[in-house]
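This report refers to the structure that appears directly beneath it.
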Amino acid sequence: MKCFSIDLDGTLLNSKHEISDENLKVLRYLEERGHSIIFNTGRAFEDVIKYDSVRKIEAPVFSINGTVLYSKSREILFEASLPVSTYKELFQVLKKLGLWVMVYTNQGGFPCRYPMLAGKSVEEIERIFDSYDYNEVLEKENLKIYKVMAVTREDQLDKIDQAKQEVAGKLEVSMASSFPNNVEFTSIEATKGKALLRYQTMTNIQFDEIYAFGDGGNDIAQFKVATTSVAMGNAPSFIQQEADMITKSNDEDGFAYAVRQLLKIE
Numbered sequence: 011m012k013c014f015s016i017d018l019d020g021t022l023l024n025s026k027h028e029i030s031d032e033n034l035k036v037l038r039y040l041e042e043r044g045h046s047i048i049f050n051t052g053r054a055f056e057d058v059i060k061y062d063s064v065r066k067i068e069a070p071v072f073s074i075n076g077t078v079l080y081s082k083s084r085e086i087l088f089e090a091s092l093p094v095s096t097y098k099e100l101f102q103v104l105k106k107l108g109l110w111v112m113v114y115t116n117q118g119g120f121p122c123r124y125p126m127l128a129g130k131s132v133e134e135i136e137r138i139f140d141s142y143d144y145n146e147v148l149e150k151e152n153l154k155i156y157k158v159m160a161v162t163r164e165d166q167l168d169k170i171d172q173a174k175q176e177v178a179g180k181l182e183v184s185m186a187s188s189f190p191n192n193v194e195f196t197s198i199e200a201t202k203g204k205a206l207l208r209y210q211t212m213t214n215i216q217f218d219e220i221y222a223f224g225d226g227g228n229d230i231a232q233f234k235v236a237t238t239s240v241a242m243g244n245a246p247s248f249i250q251q252e253a254d255m256i257t258k259s260n261d262e263d264g265f266a267y268a269v270r271q272l273l274k275i276e
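Using this note's numbering, you'd call the opening residue of the sequence shown number 11 and step up by one each time.
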């Protein structure tokens with residue numbers, strides 16, 4: 011069985027955050043022929059299934075970089091979380107650097123989730139984070155912290171590098187960036203690559219071939235376990251260097267183009 015593990019932002023979604031008709035046509039082609047489709051994304055589940063075309067395709071969703079795995083029927087198969095003690099240490103580091111911090115949990119994202127920042131000005135974003143009381147997160151009952159995401163302004167990207175340097179080797183977390191201006195921290199049990207291996211073990215399904223599509227640093231982990239890795243034309247050069255194949259950009263239906271090339275579809 012062939013598996014197509016597909017990132018969303020910057021990959022399946024174009025710059026307008028839409029799934030194009032051409033990409034949707036190829037997804038349906040793969041589904042009709044019995045290939046396994048997996049939406050493997052840094053997004054929270056809520057930000058994946060809001061797409062009507064995703065809801066209509068019977069496919070597992072690996073959300074938050076492999077932190078929570080959902081079956082085809084959208085039942086939770088696996089979830090990993092960060093210890094509260096780790097979260098507290100991490101939070102102090104990120105706040106000290108002046109980064110905007112989002113906390114993804116089993117009860118939502120606080121003060122918001124990354125897609126909710128789209129289209130907002132720096133001033134609007136700063137108001138969101140400056141006014142939020144993070145103590146409210148720890149007061150929630152039965153709390154599970156899935157991911158801590160730090161974001162900065164486009165003209166302060168060095169802060170992301172500083173955060174990575176301060177955390178590396180000091181805290182037990184998985185660390186990856188989906189865009190240059192962010193860094194995502196999850197459980198060491200959670201990466202897109204580990205999710206692909208775990209899913210096969212849990213379901214007793216063995217993929218003969220895994221095609222992994224992505225554009226960001228959090229996709230390198232799935233590239234490493236794929237038989238064929240495909241980087242988008244819009245991906246940074248260091249991501250493209252990790253891939254077996256480079257396709258067109260996400261605004262040129264690069265996913266559909268690559269599938270047609272790989273499967274030799276006319």
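Glycine is no exception: its CB is placed at the ideal position from the N, C-alpha and C atoms.
Here Glu194 is buried. Its C-beta has 16 or more other C-beta atoms within 10 Å. Counting along the chain, Lys157 sits inside the beta strand (DSSP E) bounded by residues 155-161.
The stretch 82-101 makes contact with the stretch 179-191: 3 or more CB pairs, one atom from each, lie closer than 8 Å. In this structure, Ala245 and Asp225 form a Cβ contact; the two beta carbons are roughly 4 Å apart against a cut-off of 8 Å. In this chain, Ser63 is not harboured by any beta strand (DSSP E); it is covered by the alpha helix (DSSP H) spanning 62-66. Of the residues assessed, Ser95 falls on the exposed side of the cut-off, its CB having fewer than 16 other CB atoms within 10 angstroms. Annotated three-state conformation of Tyr144 is coil, per DSSP. In this structure Val36 is in contact with Phe265, their Cβ atoms being roughly 7 Å apart against a cut-off of 8 Å. Along the stretch 174-226, the beta strand (DSSP E) occurs as fully enclosed runs of 3 or more residues at 184-186, 192-196, 219-224, listed in sequence order.
By the neighbour-count definition (other C-beta atoms within 10 Å, threshold 16), Val132 is an exposed residue.
For the pair of segments examined, the stretch 200-207 was found to touch the stretch 232-240: the number of CB pairs separated by less than 8 Å reaches three. Annotation for His45: Met11, Lys12, Cys13, Phe14 place their beta carbon closer than 8 Å to its own, counting only its chain and skipping 5 residues before and after. Residue range 238-241 is occupied by the beta strand (DSSP E) that includes Thr238. In the DSSP secondary-structure assignment, Ser15 is bridged to Ile48, Ala222. Residues Thr201, Lys202, Gly203 of the same chain have their beta carbon placed closer than 6 Å to that of Ala231, with the five preceding and five following residues left out of the count. The straight-line gap separating the alpha-carbon atoms of Arg123 and Ile249 is approximately 24 Å. Per DSSP, the unbroken alpha helix (DSSP H) holding Val36 starts and ends at 31-42. DSSP, read as helix, strand or coil, puts Leu107 in coil.
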